[in-house]
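Number of protein chains: 2
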Amino acid sequence: MDERQVGSLTFRLDLSQPLYEQILKQMRSAIAKGEIALGEKIPSVREMAHALKVNPNTVSHAYQELERDGLTETRRGQGTFITTSRERVQQFRRELAERLLADFVAQMQSLGYTWDEIEHCLHTKKKEAAVHGRNGGAL
Amino acid sequence: MDERQVGSLTFRLDLSQPLYEQILKQMRSAIAKGEIALGEKIPSVREMAHALKVNPNTVSHAYQELERDGLTETRRGQGTFITTSRERVQQFRRELAERLLADFVAQMQSLGYTWDEIEHCLHTKKKEAAVHGRNGGAL
DNA sequence: TGAGTGTATTATATCACTTAATACACTTAG
DNA sequence: CTAAGTGTATTAAGTGATATAATACACTCA
Numbered sequence: 057m058d059e060r061q062v063g064s065l066t067f068r069l070d071l072s073q074p075l076y077e078q079i080l081k082q083m084r085s086a087i088a089k090g091e092i093a094l095g096e097k098i099p100s101v102r103e104m105a106h107a108l109k110v111n112p113n114t115v116s117h118a119y120q121e122l123e124r125d126g127l128t129e130t131r132r133g134q135g136t137f138i139t140t141s142r143e144r145v146q147q148f149r150r151e152l153a154e155r156l157l158a159d160f161v162a163q164m165q166s167l168g169y170t171w172d173e174i175e176h177c178l179h180t181k182k183k184e185a186a187v188h189g190r191n192g193g194a195l
Numbered sequence: 057m058d059e060r061q062v063g064s065l066t067f068r069l070d071l072s073q074p075l076y077e078q079i080l081k082q083m084r085s086a087i088a089k090g091e092i093a094l095g096e097k098i099p100s101v102r103e104m105a106h107a108l109k110v111n112p113n114t115v116s117h118a119y120q121e122l123e124r125d126g127l128t129e130t131r132r133g134q135g136t137f138i139t140t141s142r143e144r145v146q147q148f149r150r151e152l153a154e155r156l157l158a159d160f161v162a163q164m165q166s167l168g169y170t171w172d173e174i175e176h177c178l179h180t181k182k183k184e185a186a187v188h189g190r191n192g193g194a195l
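Chains as they are written, first to last, in my numbering: chain P, 57 to 195; chain D, 57 to 195.
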């Protein structure tokens with residue numbers, strides 16, 4: 057429940073990972089999902105740092121990675137803005153998904169799972185989730 | 057190609073991850089895949105350390121994690137041996153796969169992918185792999 | 001002009017990881 | 001019994017990534 061609100065965004069930080077990485081990943085998700093509109097200004101480094109109770113340098117680190125990803129553009133004296141290129145966002149989302157998928161499959165195969173078995177596991181979990189989503193999730 | 061042979065096992069180590077974690081994961085894979093037989097003795101801490109050009113403490117760290125997993129049993133003065141319980145190995149393999157799957161799905165969903173889209177991505181990649189496996193992998 | 005931007009710098013502290021050098025208790029082959 | 005080989009524990013040191021703190025600078029805009 058340790059959630060922090062920053063503008064329209066919600067962040068959850070813990071100690072299991074570097075803070076700047078958690079900020080980075082959650083910003084990436086928000087952008088990929090369109091929770092932040094194209095061209096929109098994101099919170100300033102200092103504002104974000106204050107809201108998350110984190111050092112400005114840590115936020116700056118995350119923001120610089122976002123720019124390396126091509127997801128943001130920084131204008132000195134103005135702030136940091138989401139790219140206006142819908143194509144760039146979609147491409148980045150696809151690349152990230154492709155990496156996740158490749159890593160997942162590689163790790164499953166390192167445990168001796170075949171393609172068919174991996175597909176079957178995913179399908180089974182999907183059906184389980186469907187049950188939990190309908191009513192099983194309730195108390 | 058920086059591979060190291062230790063008995064019947066092959067290890068690949070780099071600097072992108074803690075050494076003890078790489079040893080741990082590759083041992084887990086070897087056990088899960090049955091590349092080491094149940095009850096078999098694995099290389100001694102010192103032998104493994106020498107072969108991998110790594111400190112004995114680092115190998116010991118990995119071996120202690122393996123025992124925490126229930127995959128090995130240590131006998132003082134004799135060495136470290138793979139568990140004789142086939143059930144334990146199979147259960148651990150399932151648990152590991154379950155964790156990988158849950159994490160993968162969670163990360164895909166954080167990018168806005170639906171269950172159907174995730175399934176479709178996996179299926180597409182499977183077919184790609186099939187092509188590369190038949191002949192596309194050749195030069 | 002002044003407040004708000006991103007950025008850079010220097011310093012300090014902490015933590016995980018790795019290596020090194022020993023030492024101890026145990027088991028087994030000789 | 002002895003010696004070599006087991007896992008394990010301890011202490012020390014060094015490294016690198018991470019995070020914080022305190023400043024400072026250049027830029028933009030009302």
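Heads up, the beta-carbon is just placed ideally off N, CA and C, and yes, glycines get one too.
Treat the numbers as computed from the prediction; the structure is a model and nothing was measured.
Asked, Found
"If you measure from the CB of P:His106, is any heavy atom of the ligand SAH nearer than 8 Å?", "Absence of the ligand SAH is noted for the structure shown, with no ligands found whatsoever."
"Where do the N-terminal and C-terminal ends of the beta strand (DSSP E) with D:Ile87 fall, by residue?", "Premise fails: D:Ile87 lies in the alpha helix (DSSP H), 75 to 88, not in any beta strand (DSSP E)."
"So what's P:Val161 in DSSP terms, helix, strand or just coil?", "helix"
"Hey, D:Lys97 and D:Thr66: beta-carbon distance below 9 Å or not?", "no"
"For D:Ala185, return the contacting residues in chain P, with the cut-off set at a CB-CB distance below 9 Å.", "Val161, Trp171"
"Going by the DSSP bridge assignment, what does D:Leu65 pair with across the sheet?", "D:Val62"
"Of all the options P:Asp125, P:Ala118, P:Val115, P:Val110, which has the alpha carbon lying nearest to the alpha carbon of P:Val145?", "P:Asp125"
"Which same chain residues, not among the five before or five after P:Val62, have their C-beta less than 8 Å away from its C-beta?", "Pro99, Glu103, Met104, Ala107, Leu108"
"In three-state DSSP terms, what is P:Lys203?", "Nothing in the structure corresponds to residue 203 of chain P, since chain P is present only between 57 and 195."
"Mind checking P:Gln134: buried by the 16 CB within 10 Å criterion, or exposed?", "exposed"
"Kindly indicate the opening and closing residues of the beta strand (DSSP E) around D:Arg131.", "128 to 131"
"Under the rule that 16 or more other beta-carbon atoms within 10 Å means buried, what is P:Gln93, buried or exposed?", "The question names Gln, but residue 93 of chain P is Ala in the sequence shown. Exposed is the call here."
"Check whether the region 161 to 172 of chain P and the region 166 to 176 of chain D are in contact - that is, three or more C-beta pairs closer than 8 Å.", "no"
"Could you have a look at P:Thr136 and say whether DSSP puts it in helix, strand or coil?", "strand"
"Express the C-alpha separation of P:Glu121 and P:Pro112 in angstroms, rounding to a whole number.", "14 Å"
"What is the DSSP secondary structure of P:Ile174, counted as helix, strand or coil?", "helix"
"Can you find a CB in chain P that lies within less than 9 Å of the CB of D:Leu178?", "yes"
"Tell me which residues share the same chain as D:Thr114 and place their Cβ nearer than 6 Å to its Cβ, disregarding the 5 neighbours each side in the sequence.", "Leu75, Tyr76"
"Alpha carbons only, please: which of P:Ile79, P:Gln73, P:Ile87, P:Ser116 is nearest the one belonging to P:Thr139?", "P:Ile87"
"Answer yes or no: does any C-beta atom of chain D fall closer than 9 Å to that of P:Arg60?", "no"
"Starting from D:Glu123 and walking both ways along the alpha helix (DSSP H), at which residues does that stretch end?", "112 to 124"
"Is it buried or exposed, P:Val187, if we count other Cβ atoms within 10 angstroms and call 16 or more buried?", "exposed"
"Anything in the region 79 to 103 of chain D with a Cβ closer than 7 Å to a Cβ of chain P? List those residues in chain order, please.", "Ser85, Ala88, Lys89"
"For chain D, find out if any of its Cβ atoms is closer than 9 Å to the Cβ of P:Arg68; answer yes or no.", "no"
"Between the C-alpha atoms of D:Ala162 and P:Lys89, what's the straight-line distance to the nearest angstrom?", "14 Å"
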